[in-house]
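Undergrad: Counting from 1012, one number per residue, gives the positions in the sequence shown under the numbering used here. C-beta: ideal position from N, C-alpha, C; glycine also. Keep in mind it's a predicted model, so treat the numbers as computed, not measured. Dropping the structure in here first, questions after.
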Amino acid sequence: MKRLITALAILSAAVFCGAAEKSELSAEAFLDRARYPRTGRSMAALDGIMQYKKQGGTMESVPIYLGLLIEPGKTRGQLILNEDEGYWIDQLLRQSAAGGVTIAVRPMRTRPEQSRLLRYGLNPTDLTMGFLHYDLVKELPPGRIKGLPCRILVLASKGGEAVRVYILRDYYFPLKVEFFADAASAEKNQNLLRTLEIGSFRKKNDLYYAEVINLHGPDWRSRVTFHQAELSVPPVGVLPPFRGMKEKISR
């Protein structure tokens, strides 16, 4: 069994059963496997650079940090951009008959008037695969990403946003996500808002993480590159790898 701990997927397990078995799974059962990977406890501290360029503009580069503690039924995360814009990310499996997941994002300080992260095209909930918990609309014909077979699902949130998500058929892991304003646009592949795609993986301590994440929209492109990673399977009760941000300067 391989285990993946990534900025996008947080934690996923690749279960090596036959491809035929996975192709025969219903869309609902396949999505359930992707939503709830059979994993244990893991922790990651990822340092890197986020780059952004608008068409006709100059390249912007800022440091990015992602700290994660994944435990059965819950994930705690911290995302810090440029050391002065930060968010807590909490994902909790609901203990009720209805099931599902609750995802909450809270700014570490008062939300900035001009969110650099939003301008760069990254939503903190992308990092916990929040889009996988949208309602299933339909399954599209299968496709391939970088030569790898994928099942393609259209999912829509109750708030309106919808996605086409390309999930590796054999590993239940999303390689590419296309974001649309609504389900009708996603089904017809019209008016694409932004795209997120895993560029490359790297292995450390028998865990895999997404070394490069590419994003782009109609007139902009962004890239997250994690050049330093600390990955581990921590003991119960360990403190999460969270950091403080630099203090604001009064003027």
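Taking H1238 as the reference, give the member of R1213, P1245, L1218 and F1253 with the closest Cα.
TA: The candidate whose alpha carbon is nearest that of H1238 is R1213.
Undergrad: Can you tell me whether D1230 is buried or exposed, with buried defined as 16 or more other CB within 10 angstroms of its CB?
TA: D1230 is exposed by the Cβ-count criterion.
Undergrad: Can you tell me which of the three DSSP states T1069 falls into?
TA: T1069 falls in the coil class under three-state DSSP.
Undergrad: So S1072 packs on L1133, CB below 8 angstroms; how close in whole Å?
TA: Not really, about 14 angstroms apart at Cβ, beyond 8 angstroms.
Undergrad: Taking the C-alpha atoms as reference points, what is the distance between M1070 and I1081?
TA: The straight-line gap from Cα to Cα measures roughly 34 angstroms.
Undergrad: If we ignore side chains and look at the alpha-carbon of each, how far apart do H1144 and K1257 end up?
TA: Rounded to whole angstroms, H1144 to K1257 spans 34 angstroms at the Cα level.
Undergrad: Please list the segments of the beta strand (DSSP E) lying wholly inside the stretch 1163-1202, counting only runs of 3 or more residues, in order along the chain.
TA: The stretch 1163-1202 contains these whole beta strand (DSSP E) runs: 1173-1179 and 1185-1191.
Undergrad: Can you look up E1124 in the DSSP assignment and give me helix, strand or coil?
TA: DSSP places E1124 in coil when its eight states are reduced to three.
Undergrad: Going by C-alpha distance, which of R1175, R1254, P1246 and A1221 is nearest F1190?
TA: Selected option, being the one with the closest Cα: R1175.
Undergrad: Does the structure place the stretch 1199-1207 close enough to the stretch 1035-1052 that three or more beta carbon pairs sit under 8 angstroms?
TA: No contact exists between the stretch 1035-1052 and the stretch 1199-1207.
Undergrad: Is it true that the CB of D1101 sits closer than 8 angstroms to the CB of L1207?
TA: No, the pair does not count as a contact, with Cβ atoms beyond the cut-off.
Undergrad: Mapping DSSP to helix, strand and coil, what is E1094?
TA: Coil at E1094, not helix or strand.
Undergrad: Give me the Cα-Cα distance between L1019 and A1221, rounded to the nearest whole angstrom.
TA: Confidence at L1019 is low in this model, with a pLDDT of 49, below 50, so its placement is unreliable and the value that follows should be read with caution. Cα to Cα, the separation comes out at about 7 angstroms.
Undergrad: Return the residue from the list K1157, R1162 and M1140 that minimises the CA-CA distance to E1150.
TA: When only C-alpha atoms are compared, the closest one is R1162.
Undergrad: Run through DSSP, which three-state label would L1204 get?
TA: Coil at L1204, not helix or strand.
Undergrad: In terms of alpha-carbon separation, which member of L1242, L1250 and G1141 lies closest to R1046?
TA: Checked all of L1242, L1250 and G1141; the closest Cα to R1046 is G1141.
Undergrad: Nearest-angstrom Cα distance between G1067 and R1044?
TA: C-alpha separation (whole angstroms): 42 angstroms.
Undergrad: Buried or exposed: which applies to R1049, given that a residue is buried once 16 or more other Cβ atoms fall within 10 Å of its Cβ?
TA: By the 10 Å Cβ count, R1049 comes out exposed.
Undergrad: Rounded to a whole number of angstroms, what is the C-alpha to C-alpha distance between G1248 and P1185?
TA: About 30 angstroms.
Undergrad: Distance check for P1245 and D1217, CA to CA, integer angstroms please.
TA: Roughly 14 angstroms separates the two Cα atoms.
Undergrad: How should A1040 be labelled, buried or exposed, when 16 other C-beta atoms within 10 angstroms of its C-beta is the threshold for buried?
TA: Exposed is the call here.
Undergrad: Secondary structure at F1253, three-state DSSP: helix, strand or coil?
TA: Coil.
Undergrad: So for P1135, helix, strand or coil by DSSP?
TA: Helix, per DSSP.
Undergrad: In this structure, what does DSSP give as the bridge partners for L1226?
TA: According to DSSP, which records beta bridges pairwise, L1226 is partnered with L1207 and S1233.
Undergrad: Does the Cβ-Cβ distance between E1094 and L1128 come in under 8 angstroms?
TA: No, the pair does not count as a contact, with Cβ atoms beyond the cut-off.
Undergrad: If L1164 sits next to L1147, beta carbons under 8 angstroms apart, how far is it from one beta carbon to the other, in whole angstroms?
TA: Confirmed, about 6 angstroms.
Undergrad: Are the CB atoms of M1061 and L1079 within a distance shorter than 8 angstroms?
TA: No, Cβ-Cβ distance for L1079 and M1061 is not below 8 angstroms.
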